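Okay, so here's the structure we're looking at.
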Amino acid sequence: MRLGHAAAAVMAVCLSAGPVWADEVVKFALIDPMSGSFAATGRLGEQHFRFAMDRINESGAAGPGRKFDLVVLDNEVSPEKSLVLLRKAIDDGVHYITQGNGSSVAFALTDAIAKNNKRDPARSAMFLNYAAVDPALTNAKCNWWHFRFDADSDMKMRAMSSYILTRKDLHKVYVFNQDYSFGQSVERGAKEMLTGKRDDLQIVGAERVPLGKVKDFTPYIQKMQAAGADAVVTGNWGADLALLVKAANDSGFKGTFFTYYLGSTEVITEVGQAGRGDAQISEWHANVDSAPIEEMAAAFEAKYHQAFYYWRVVNMLDMTAAAMKQANSSDPEKVGKVLAGMNFHNPLGDVSMRADNHQLLQPMFISVLEPGVKHVFPEVNMGFRTIGRIEPDQTRMATTCSLANPS
Amino acid sequence: MNDPGSGLIVTGLRKSFGALEIIKGVELSVAKGERHAVIGPNGAGKSTLFHLITGRFPASDGRIELDGTDITGWSAHQIFRAGLARSFQVTSLFPKLSVFENLRCGAMRNFGAGVSVFRLLDGFRPLAEQAERTMEALGLTHRRHVAAGSLAYAEQRALEIGVAIAGGAHTILLDEPTAGMSRTETERAVALIRKVTEGRTLVMIEHDLGVVFDLADRISVLADGKVIASGPPDQVRGDAAVRTAYLGAAAEVLT
Amino acid sequence: MEQGLLVVLNGLVYGLLLFMLSSGLTLIVGMMGVLNLAHASFYMLGAYLAYSISTVVGFWPALVLAPLAVGVIGALVERYGLRPVHRHGHVAELLFTFGLAFVIGEIVPLIWGRLPVPYRVPAVLDVPLFALAGTAYPAYRLFMMLISLAMFCALFAALAKTRLGLVVRAALTHPDMVAMLGHDVPRVFTLVFGAGCALAGLAGVIAGNAFTTEPGMARSLGAIVFAVVVMGGLGSLSGALVASLLIGLVQTVSIGLDLPFYKALSALGITVDVGGRLHDLWLLSVNRAAPVVPYLLLVLVLATRPRGLLGSRSA
Amino acid sequence: MKRWAPWIAAAFAALLLPHLFASGFGLSLLNRMGIAIVFALSFNMLLGQGGMLDFGHAIMLGFGGFLAMHAMRLAGLGWFIPTPLLPLVGAAGGLASALLTGWIATRRDRTAFAMITLGLAELVVAVVLMFPSVFGGEEGINGDRSDGPAILGFDFGSQMQVYHVVAVWTWISALLMWRTTLTPLGRLANAVRDNPERVGFLGYDPARVRFRVYVLSGLFAGIAGGLQAINDEIMTSGNIGSEASGAVLLMTFIGGIGTFWGPILGAVLIVLLQVALGTLTDAWQLYSGLLFVAMVVWAPGGLAGILLAHAPVMRAGRLGQLVGHYLRLIPGFALALAGVAGLSELAFRLEAIRGGASTGRIMGLAIDATAAWPWLVAAVLFLAGAALLNRTFPQARAAWQAAAQ
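Quick note, the sequences are listed as chains A, B, C and D, same order.
First residue of the first sequence: 216, per my numbering; consecutive thereafter.
First residue of the second sequence: 1382, per my numbering; consecutive thereafter.
First residue of the third sequence: 41, per my numbering; consecutive thereafter.
First residue of the fourth sequence: 2, per my numbering; consecutive thereafter.
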């Protein structure tokens, strides 16, 4: 009897002590912040995973007798902690790793997973990325085991900037981001795609703040006001967005926010009425016209008393389940070979996973927070109204990535 | 008087704390090999004088010479290296270290061990032997492994002297070595001091006049920050100024 | 110009908040020589308790009750935790308060959750007070400033007029005298520790809703408070005030200066190779470097001038 | 010969351990323990042996780790830097950073020293984030340990090979640190800890003694950093920050700062708590914090101190007298522990349920944290245990005192 095995077995039992014992339980380790500044964001993600998994387990979408189970690991958005947790998950026999908050973490994970799979192919792991959107993850630092189900920040910026350019009432844009790879890529994208495109539109300021450290954004808002900004482009998420908008609200800032992540309840609550007219780019929002997802959102809300937000988590797990069913295996390499290049039909249309860089192409929506729409956030009595749909093919961008199948 | 430039010579020494002047121009001269006692009423500045000589405080003014070298303004460890060691009125040992280790620390510098990490301490034979010798002289050999902090008071006082002399410094300053001791303990301590300071220069602060007249070759009387008398015991005993100083102090205490 | 005024106002609010925290710590350090590493944890407790109390009876009673509760907790900690370790020396006390900060940091999320709690500014004060250069100034900020100033005056009055204050002041200026004060010294320690914690709690009450009340709030402020206390001089209240305002202003004003060093240097007539090995340094802007200032000062003051700005004794 | 026996035994144990714990989980655990042991021992060189409470000890580990990581990347570019020698690079990094920070910090002692290191910890993290090209900003920098030249066919990619690198370096470092305690510097460090002023009157500059100990400690912390770089293959600002420094303080103190080997106990225990308990419960940090505070108040000697207190009893052959008394402590202790654990677990679970977690399991048991009865049970357990301990503990202590005479 090896003690290590015994210990590992005990761990595994405790970890997987889910409600149902099935023929095969496929464990997914969610490595995201469950404490600290971004805990709310991580928890929201966890609820969506549980929701999506329950659906799949009920319908048997992953194949007969195959159930999904979630292991939640709190990384406090720290790359080095994430790697310790990744190690732990792999040691415990988890083959599917998923993460979304923080491209800094995603870089560490994708790199470590690639190394692990090379050294220990029997314990290969797949990285399902539902929200880390630094373009480099599917370009310079791409890796066969990484699949991204959210549009990258350049794809989103291209859609967003084309909308901003149509808004003739906007003249002075301030670019405000978190200081890490993702925020830097948003800033770079905004500068590239907005500078020199319209004579009466200029970027009047660009600034980055430490991730999750600033508690009072008032001085930054005052800088924006001093610069006369009438639009703010920001990739901030979680508390960094909520507090930013809260400070803007307190200081009477009149400009429009163009965001990536305005739609989460946490942020909406802080935004209040001042959010009217602020815009976001996303793959879904409550007023995208799709009855099946509306049903889903209602079910989610009934269960978790939160607004449904991460449609892409449901889509991601649905696609993974379908790939498992098709591969008739939960071996990550076999599943990955099906996922790469997979075409999938979901309630919003056809989506496809690019084979060359494992980036999902899906419809995107630009929407504006307004009253008088069908589904509103009760806190503010407003909801998002679509003002533009971007088809999957329009979001395709050139990639420097070249992927070879694992040996 | 003596061979100038030899022994310990203090000239015009002054020390103020803020506006308060404690040492007001002390002149002191201790010849090589001499046993010298510093006496005086409480608050005369005796301990402060020792602190100035040994580099604990910087002097405000004046000059301190050890064997012809000007050591004014040197730091404590430099003064020790020049050959001057001291003990403290309030026991100042290494409480968690054993008796043997305390003595070894006392001797370490002068028995060849620098701040080295390469050689093992046990490799310094003469150092261990010196610590053993001192321990034996102190009569503490049977307490060798006991932590200094757990020793009885008299033992701690003995060790206090031992740590000061273990390094073999040629000039030793003892600050009230017999303070708080019983009659018999004091006698033993005096014998010990006599034995271990053989052939060295000794300066001691002492309240017990019996001890002073027993041990000292010469005596200096410090009162109100100045040396008011200095000389062989008999001469000092008869000095009028000394009587006034002591009686004055006593009178003050009485009223 | 008006923009500058706003910046200064914000700096003052932040500085006064720091003072509220550091004044309590200064008292504790000055009297007892205990560098309470858990001081900012009491600030956090203040905010959380105020949140809980305000959900039941509203903000105004919480403004009084929460600091009192924190003060009582502090006094209990002193009596049953700190006093027993006192005989092991200052390092043991430091270790104790370090452990305490750690444990409070773990217990708070246990009780209130890991997410920020919705502790809100009372509606009466949640209005813009005036507008300067197109920027609204929230009334609550002024309220924070007033509370801080009121506390400052109350503290000085208490120190000047009450018997306890007399003892505390004596102990601050002549620490050795504490030993000679007689039998009630331990009780004075308990009171001072409790009062210091209550001040931290009060700071938590008024800052928790202006910023966010979340489990990390102690961590982000803890070290800064130390910087203030050490810079001001251990045991010096006026030193703490000066240092608080200084750091508050430096931190806030510097946010407005996103001037890279290489530009600042070229203004001084020095040109540097921006593409060279040190490009991180040259491209670093003043506002990014500013957060370092308090810690740099903390280290330098301790290493070179242990008495701090206005202190009379060494750390 | 007798003094070498533990070291030889440790070497054999190190050879044997990976075969007992050959699973990936077991090896990860062992690797973490080895790194933690080196780090904690280097920390105790300062706190236990030199009386320096360093709140920024992770700075030295971090610099060592970052330098080793850069060397690892150079190896990836074709430089001849064998992976097993990266800890030496780490040592250089630790040493360099110790020269810098030590030059400032060791001028002062005790509380002032502790405060300076506290400031340095904050300062260094802030500075590290300002230089992304060296330290990688929020992402940190990563490398591939198998990029180095293969030695005898080993590329050091697998966990098992990493284990052997870690084990060898842990053994060497521990031995060297132990040897340091037997040198003049080691003894002077003790003297400076006990009474810095007196050291000055014995011909040594106490600040200089502190500086040398600090620098040496930095060297070993750097080795730990190098090992960490090999094991994790990433270094970030988090490895340098005050949280990492706090963790090493916790484990060292819990193990016991009064002996050389105490920190080893602490490192093993805390890593076990962290990795083993960390999977079972979210509350391990609270447990280690409570343990730490309890130790500071009641057992400042740590675990090693408790064990050591029984050495005289054992020598006198009276350990048998105590067994009965100690057995009687167990029920009270177990009850109190179960109570505390139950309460914290319930609180954590309740918090998780509020946060949206659906499974209501505590350590594998289906207990509903929203109901009142589990709370009552836990509270009663705790109170009963405390009451029992209140009776049995003084008896046990009296028995120990009698036996230790």
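Glycine included, C-beta positions come from ideal geometry on N, C-alpha and C.
These numbers come from a predicted model, not from an experiment.
Practice task
Can you tell me which of 288(D), 305(D), 230(D) puts its alpha carbon nearest to the alpha carbon of residue 266(D)?
Solution key: Minimum Cα distance to residue 266(D) is reached at 305(D).
Problem - Cβ contact (3+ pairs, closer than 8 Å) linking the segment 136-156 of chain D and the segment 203-216 of chain D - result: The segment 136-156 of chain D, when compared against the segment 203-216 of chain D, does not touch it at the 8 Å Cβ threshold.
Problem - chain D contacts from the segment 114-137 of chain C (Cβ-Cβ distance under 7 Å) - result: Interface annotation for the segment 114-137 of chain C against chain D: 121, 124, 125, 128, 130, 131, 132, 134, 135, 136, criterion Cβ-Cβ distance under 7 Å.
Exercise for the section: Consult DSSP for residue 1603(B) and reduce its assignment to one of helix, strand or coil. Expected result: In the three-state scheme derived from DSSP, where H, G and I count as helix and E and B as strand, residue 1603(B) is classed as strand.
Exercise for the section: Within its chain, find whatever has a CB closer than 7 Å to the CB of residue 296(D); leave out the 5 residues flanking it on each side and keep chain order. Expected result: Result list for residue 296(D): 254, 255, 303, in chain order.
Problem - Minimum C-alpha distance to residue 339(C) - residue among 63(D), 118(D), 22(D) - result: Nearest Cα to residue 339(C) within the set 63(D), 118(D), 22(D): 118(D).
Exercise for the section: Taking only beta-carbon positions, decide if residue 236(D) is within less than 9 Å of chain A. Expected result: It does; some Cβ of chain A falls within 9 Å.
Exercise for the section: For residue 391(A), write down the residues that DSSP places opposite it in a beta bridge. Expected result: Bridge partners of residue 391(A): 422(A), 449(A).
Handout entry: Minimum C-alpha distance to residue 51(D) - residue among 186(D), 18(D), 235(D), 89(D)
Key = Closest option to residue 51(D), Cα to Cα, is 186(D).
Practice task
Give the interface partners of residue 46(D) over in chain C, defined as CB-CB distance under 9 Å, in chain order.
Solution key: Chain C residues near residue 46(D): none, gap ~16 Å exceeds 9 Å.
Practice task
Determine contact between the segment 162-179 of chain D and the segment 356-370 of chain A, defined as no fewer than three beta-carbon pairs at a distance below 8 Å.
Solution key: Counting Cβ pairs under 8 Å, fewer than three are found: no touch.
Practice task
May I ask you to report which of helix, strand or coil DSSP gives residue 61(D)?
Solution key: Residue 61(D) falls in the helix class under three-state DSSP.
Problem - residue 184(D) and residue 1500(B) closer than 9 Å at C-beta - result: Yes. Within cutoff.
Problem - With 16 other Cβ atoms within 10 Å as the buried cut-off, status of residue 202(D) - result: Residue 202(D) should be labelled buried.
Problem - Simplified DSSP assignment, three categories, for residue 612(A) - result: Assigned with DSSP and collapsed to three states, residue 612(A) falls in coil, not helix or strand.
Handout entry: Collapsed DSSP secondary structure at residue 247(A) in the structure displayed
Key = Under the three-state reduction of DSSP output, residue 247(A) falls in the strand class.
Problem - Nearest to residue 290(A) (by Cα), restricted to the options 258(A), 307(A), 266(A) - result: Comparing Cα-Cα distances from residue 290(A) to each of 258(A), 307(A), 266(A), the minimum goes to 258(A).
Practice task
In angstroms with no decimal places, state the Cα-to-Cα distance between residue 383(A) and residue 186(C).
Solution key: Per the coordinates, the alpha-carbon of residue 383(A) lies some 44 Å from the alpha-carbon of residue 186(C).
Problem - Exposure label - residue 315(D); buried when at least 16 CB within 10 Å - result: It counts as exposed.
Handout entry: Spatial distance of residue 92(C) from residue 76(C) (CA atoms)
Key = Taken atom to atom, the span from the alpha-carbon of residue 92(C) to that of residue 76(C) is near 25 Å.
Practice task
Given a cut-off of 9 Å, decide if residue 1547(B) and residue 1637(B) are closer than it, judged by their beta-carbon atoms.
Solution key: Lying outside 1382 to 1636, the shown extent of chain B, residue 1637(B) is not represented and no answer is given.
Exercise for the section: Could you give the DSSP three-state label for residue 1557(B): helix, strand or coil? Expected result: DSSP places residue 1557(B) in coil when its eight states are reduced to three.
Exercise for the section: Report the residues of the segment 291-318 of chain D with a CB closer than 7 Å to any CB of chain C, ordered along the chain. Expected result: Listed in chain order, the positions of the segment 291-318 of chain D with a beta carbon within less than 7 Å of a beta carbon of chain C are 291, 293, 294, 297, 298, 301.
Practice task
Pair every Cβ in the segment 14-33 of chain D with every Cβ in the segment 212-227 of chain D, then say whether three or more of these pairs are closer than 8 Å.
Solution key: In this structure the segment 14-33 of chain D does not touch the segment 212-227 of chain D; the number of beta carbon pairs closer than 8 Å is below three.
Exercise for the section: Report all residues from its chain with a CB closer than 8 Å to the CB of residue 1544(B); omit the five preceding and five following residues, and keep chain order. Expected result: The answer, listed in chain order, is 1468, 1474, 1483, 1484, 1486, 1487.
Practice task
Grab me the residues of residue 379(A)'s own chain with a C-beta within less than 8 Å of its C-beta, minus the 5 sequence neighbours each way, in chain order.
Solution key: Result list for residue 379(A): 385, 388, 409, 416, 446, 448, 473, in chain order.
Exercise for the section: Output yes or no for whether 9 Å exceeds the beta carbon distance between residue 467(A) and residue 252(C). Expected result: Taking C-beta atoms as the reference points, residue 467(A) and residue 252(C) fail to come closer than 9 Å.
Problem - First through last residue of the alpha helix (DSSP H) which encompasses residue 330(A) - result: Run containing residue 330(A): 318-334, per the alpha helix (DSSP H) assignment.
Exercise for the section: Identify, in the order they occur along the chain, each residue of the same chain with its Cβ nearer than 6 Å to the Cβ of residue 618(A), setting aside the five sequence neighbours on each side. Expected result: Within the same chain, 359 come within 6 Å of residue 618(A) by CB-CB distance, once the 5 residues on both sides are set aside.
Exercise for the section: Could you spell out where the alpha helix (DSSP H) holding residue 1408(B) opens and where it closes? Expected result: In the DSSP assignment, residue 1408(B) falls outside any alpha helix (DSSP H) and within the unbroken beta strand (DSSP E) covering 1401-1411.
Problem - Integer-rounded CB distance, given that residue 1388(B) should sit under 8 Å from residue 1413(B) - result: Confirmed, Cβ separation roughly 4 Å.
Problem - Three-state secondary structure (DSSP) of residue 237(A) - result: Bear in mind that the predicted position of residue 237(A) carries a pLDDT of just 46, short of 50, making it unreliable; the figure below should be weighed with that in mind. It is coil, neither helix nor strand.
Problem - Members of the segment 134-148 of chain D near chain A, C-beta cut-off 8 Å - result: From the segment 134-148 of chain D, only 138, 139, 140, 141, 143, 145, 147 have a Cβ closer than 8 Å to chain A.
Exercise for the section: Check residue 1446(B) in the structure and name its three-state DSSP category. Expected result: DSSP, read as helix, strand or coil, puts residue 1446(B) in strand.
Handout entry: Proximal residues of chain B, C-beta to C-beta of residue 181(D) below 8 Å
Key = Near residue 181(D) (Cβ distances below 8 Å), the residues of chain B are 1498.
Handout entry: Residue(s) in a DSSP beta bridge with residue 1552(B)
Key = Bridge partners of residue 1552(B): 1465(B), 1582(B).
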